[in-house]
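In this note's numbering, the protein residues as written are -8 to 365. Heads up, the beta-carbon is just placed ideally off N, CA and C, and yes, glycines get one too. Just below is one structure, and these are the notes that go with it.
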Amino acid sequence: MCAFSLYSCCLQEDILYMLEKLEAIYQRWKDVEAELSSPDAMADMKRFAQLNKEYKDLAKVVDEYNIYKNILSNIDTNKEILATEKDEEFREMAKAELDELLVQRDEKEEEIRVMLIPKDPEDSKHAIVEIRGGTGGDEAALFAGDLYRMYMRYCEKRNWKTELVDYTEGTAGGYKEIVFNVLADDAFGTLKYESGVHRVQRVPDTETQGRVHTSAASVVVLPEADEFDIELNPADIRKDLFCASGPGGQSVNTTYSAVRLTHIPTGIIAQCQDQKSQLKNYDKALQVLRSRIYEMELQKHLEDISKKRKTMVSTGDRSAKVRTYNFPQGRVTEHRIGLTIYNLPDVMNGNIQEIIDALQFAENAEKLKEGTVA
-8 MCAFSLYSCC LQEDILYMLE KLEAIYQRWK DVEAELSSPD AMADMKRFAQ LNKEYKDLAK
52 VVDEYNIYKN ILSNIDTNKE ILATEKDEEF REMAKAELDE LLVQRDEKEE EIRVMLIPKD
112 PEDSKHAIVE IRGGTGGDEA ALFAGDLYRM YMRYCEKRNW KTELVDYTEG TAGGYKEIVF
172 NVLADDAFGT LKYESGVHRV QRVPDTETQG RVHTSAASVV VLPEADEFDI ELNPADIRKD
232 LFCASGPGGQ SVNTTYSAVR LTHIPTGIIA QCQDQKSQLK NYDKALQVLR SRIYEMELQK
292 HLEDISKKRK TMVSTGDRSA KVRTYNFPQG RVTEHRIGLT IYNLPDVMNG NIQEIIDALQ
352 FAENAEKLKE GTVA
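Next comes the structure, spelled out in structure tokens:
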């Protein structure tokens, strides 16, 4: 068998395999649709929530599958016209349409292949983002504030809702630490690539001799865990109350509205002081605490993945230097994939989608190379 014939055979097998997977997904979508309507599913809210999420995820693939089937049907129709039609003008029209359809088919097959790459179950969750100033003192806190504004603008551009959870201001501005929620579908799957050490190279405002300093801030992105993911025993949680600090009206520093929760078995701490209501602060702090405990198990999974991935995009190592922002050169370098772009002001204004897309592409390419298709 010649090389071309072997390639064609492999390609055909790949298409048949993909069609089998798509048909299986379609049948599963129909089964889930029927199960959602059953009284048993409605009686079990945990099961109902899981089924509803699965139904929405499958529907995205099913919609593309229907488009793909329609393209294949139109291709067959035009091929039949070319094989039987005598009218030359009609044949020319069919040939032109067939050429377009073949391009559409190839593009749709590539889109579907990417959709069939297994996704982490956490990807569709909301996200909790924690930014902490690292090495560099006041400048690190200022840079943490710059990163916070960058993410806020990115979320605004995507119409994502955000909620401030907790913060500690730097002595010269910015934040020693700031925690916020991103309430949007697929927020974690998008923002998880931001986890790691972000390094900045620039002349600080406090520098009198114009020397470039290097500082850093760490970013941790957690998937928001709910009570279905982690069940916490109230007896294992110590609650401490204290006065909130920072802007917030007359209640600040006068009422014990801020809440600090400590999970005694693990020593993990979460706190919230953003709300004037102690109850609301407790709910937010509990959400962060639950997500941090959940992330302990997730980290083991990410570390296993990172050992296998050359791109290290899904690394579980929070200490890894992932990106450098060089202000004198107007340069941003994404170290995991060797990407350098010269539009630093644009990036700091929240336009980070190009970087995220490149990281997602690198990870998907690695998964395809491994042959990990659903």
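Asked, Found
"Segments of 4+ residues assigned as alpha helix (DSSP H) that fall wholly inside the segment 310 to 348", "335 to 339"
"Buried or exposed by the 16-neighbour rule on C-beta atoms within 10 Å, applied to M287", "exposed"
"Residues near I108 by beta carbon distance below 6 angstroms, same chain, minus five either side", "N355, K358"
"Span separating the alpha-carbon of K45 from that of V23", "Sequence check: residue 45 is Glu here, not Lys. Approximately 8 angstroms between the Cα atoms of the pair."
"Nearest candidate by alpha-carbon position, reference A175, set T257, H189, D114, P225", "D114"
"Residues near N43 by beta carbon distance below 7 angstroms, same chain, minus five either side", "L27"
"Proximity of K267 and V250 at Cβ, strictly below 8 angstroms", "no"
"Residues of its chain near G201, where Cβ-Cβ distance is below 7 angstroms and the 5 sequence neighbours each way are ignored", "V194"
"Beta carbon of I328 nearer than 8 angstroms to that of A311", "no"
"DSSP state of N150 mapped onto helix, strand, coil", "coil"
"CB-CB length for G165 against F134, believed under 8 angstroms", "7 angstroms"
"Which residues DSSP lists as bridging H189, in chain order", "A208, R314"
"The segment 141 to 160 touching the segment 88 to 95, judged by at least three CB pairs closer than 8 angstroms", "no"
"Secondary structure of N224, DSSP reduced to three states", "coil"
"A40, buried or exposed, once every other Cβ within 10 Å from all chains shown has been counted against 16", "exposed"
"Which residues DSSP lists as bridging V250, in chain order", "L232, C263"
"For P214, three-class secondary structure by DSSP", "strand"
"K12 to K60 span [Cα, whole Å]", "14 angstroms"
"Secondary structure of K400, DSSP reduced to three states", "This structure does not reach residue 400, given that the chain is present from -8 up to 365, and the question cannot be answered."
"Presumed contact (8 angstroms Cβ cut-off) between A261 and S248, rounded CB distance", "Not a contact, Cβ separation roughly 16 angstroms."
"Close-in-space but distant-in-sequence residues of the same chain around T205 (CB under 6 angstroms, 5 per side omitted)", "Q192"
"Contact the segment 273 to 288 vs the segment 208 to 216: 3+ CB pairs below 8 angstroms", "yes"
"Neighbourhood of L270 by C-beta distance below 6 angstroms, restricted to the same chain and skipping five residues each side", "none"
"Three or more C-beta pairs below 8 angstroms linking the segment 337 to 345 and the segment 140 to 153", "yes"
"Spatial distance of V52 from E102 (CA atoms)", "10 angstroms"
"Assumed close pair E168, R123 - CB separation to whole angstroms, cut-off 8 angstroms", "5 angstroms"
"C-alpha distance - P256 paired with P225, whole-angstrom precision", "12 angstroms"
"Among A118, L49, R19, the one whose alpha carbon lies nearest that of V211", "A118"
"Contact set for K275: own chain, Cβ-Cβ below 6 angstroms, skip 5 residues either direction", "V156, C263"
"Residue span of the alpha helix (DSSP H) that contains L107, given as start and end", "Where L107 is concerned, there is no enclosing alpha helix (DSSP H), given that its DSSP letter is neither H nor E."
"Classification of S186 by the beta-carbon crowding that lies within 10 angstroms, buried from 16 upward", "buried"
"Cβ-based burial, Y273 [other Cβ within 10 Å; buried from 16]", "buried"
"Residue span of the alpha helix (DSSP H) that contains A32, given as start and end", "30 to 34"
"Extent of the continuous beta strand (DSSP E) to which A372 belongs", "Within the shown structure, residues of the chain are numbered from -8 to 365, placing residue 372 beyond reach of any answer."
"Opposing strand residues paired with E368 [DSSP bridges]", "The chain is shown only over -8 to 365; residue 368 falls outside these bounds and no answer can be derived."
"Residues that L174 bridges to, as DSSP identifies them", "K152"
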